[in-house]
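For the sequence shown, position 96 matches number 287 in the working numbering, and the numbering has no gaps at all. Data block below; observations after.
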Amino acid sequence: MVRSDVEVAMTEGPGPLEPVTEQWQRALAIVAHPDDLEFGAAAAVARWTGQGKQVVYCLVTSGEAGIDGMPPPRAREVREREQRESAALVGVDTVEFLGLPDGVLEYGVPLRRELAAVVRRHRPEIVVTNNFRDTWDGAYALNQADHIATGRAVLDAVRDAGNRWVFPEQLTDGVEPWNGVRQVWAASSPLAGHGVDVTDTFDRGLASLRAHEAYLTGLGDGSFDAEEFLEGLGRPVGARLGVRYGAAFEVFHFDLW
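Given below as structure tokens:
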């Protein structure tokens, strides 16, 4: 059975956030695009790697459709390089790209299969993804289709990974089912009930976002201010944690079934 922070958020509304558990050693972050983790969650990753935890990044696409003035083959090369540089700044040295097409991801069995294989290979205790609710603010700021498809598939793939009769063709060369994922955390969800104090690692998170220079340059009129943006996200979350800066997560608990 999967339980979520949504029950609390729907009945009580925004309030104090509960700190996420940090009693774990291995995490796997699965998101749709390069830069997805850097818009809020990277400072939390820096905190965890600083504690000696292992965090692996898996990017479902290479973000090749994300820069209007750059052809996709060139954008793929640039964005993969920027993501690796960004990850290194927060202590992540394993970054995988699945190479699925940017902008047109579809929730379904093929995506579940890809992600279950990643979970089985890395055997994490915690899986991090991005907000996959319809909006970012619970009202008007619409989410993007790739985020929604990826997050939904992550939840199912975590369960698929533990069932030897789902995608059994993956169970070769020593690969075994993995049902050791305890929780999935969706970063920046409008229904978040948990959070992480990132006050001490805010600057590393900011540096990791700024590493996506080509992408940020192409946003709007080119005047995007990464520090202002992350402060605008981090301060309200921090207030709900009683600290200066925080990162919010909707937590899904995976019980035995």
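Glycine residues also receive a C-beta, built at the ideal position from the N, C-alpha and C atoms. The model shown is predicted, which means the values in this text are computed figures rather than measured ones.
Buried or exposed by the 16-neighbour rule on C-beta atoms within 10 Å, applied to Gly429:
So Gly429 ends up on the buried side.
Closer than 6 Å by C-beta to Ala266: which residues in its own chain qualify, once you throw out the five before and the five after it? Chain order, please.
Close CB contacts of Ala266 within its chain, under the 6 Å cut and outside five residues either way in sequence, are with Glu255, Ile258 (chain order).
Tell me, please, which residues DSSP counts as bridged to Thr326.
Residue pairing from DSSP places Thr326 in a beta bridge opposite Leu333.
My output table needs one value for Arg217: the three-state DSSP class, helix, strand or coil.
strand
Please classify Thr212: does DSSP put it in a helix, a strand, or coil?
coil
Between the Cα of Cys520 and those of Pro262, Val222, Phe230, Pro264, spot the shortest distance and give me the residue it belongs to.
Nothing in the structure corresponds to residue 520, since the chain is present only between 192 and 448.
Tell me whether Gln374 is buried or exposed, calling it buried when 16 or more other Cβ atoms sit within 10 Å of its Cβ.
buried
How many angstroms separate the CA atom of Gln245 from the CA atom of Glu418?
26 Å
With DSSP run on the structure shown, which of helix, strand or coil describes Gly413?
coil
Who are Thr252's beta bridge partners in DSSP?
According to DSSP, which records beta bridges pairwise, Thr252 is partnered with nothing at all.
Beta-bridge pairing of Glu441 - partner residues as DSSP gives them:
Ala377
Check Gln242 in the structure and name its three-state DSSP category.
It is coil, neither helix nor strand.
Jot down the residue ranges of each uninterrupted alpha helix (DSSP H) in the stretch 336-374, minimum 4 residues, whole runs only, in chain order.
336-352
Mapping DSSP to helix, strand and coil, what is Glu287?
strand
N- and C-terminal bounds of the beta strand (DSSP E) containing Thr320:
317-321
Work out the CA separation of Asp325 and Tyr331 for me, nearest whole Å.
So the alpha carbons of these two residues sit roughly 9 Å apart.
From Gly386, Gly409, Arg435, Asp416, residue whose alpha carbon lies closest to that of Pro262:
Gly409
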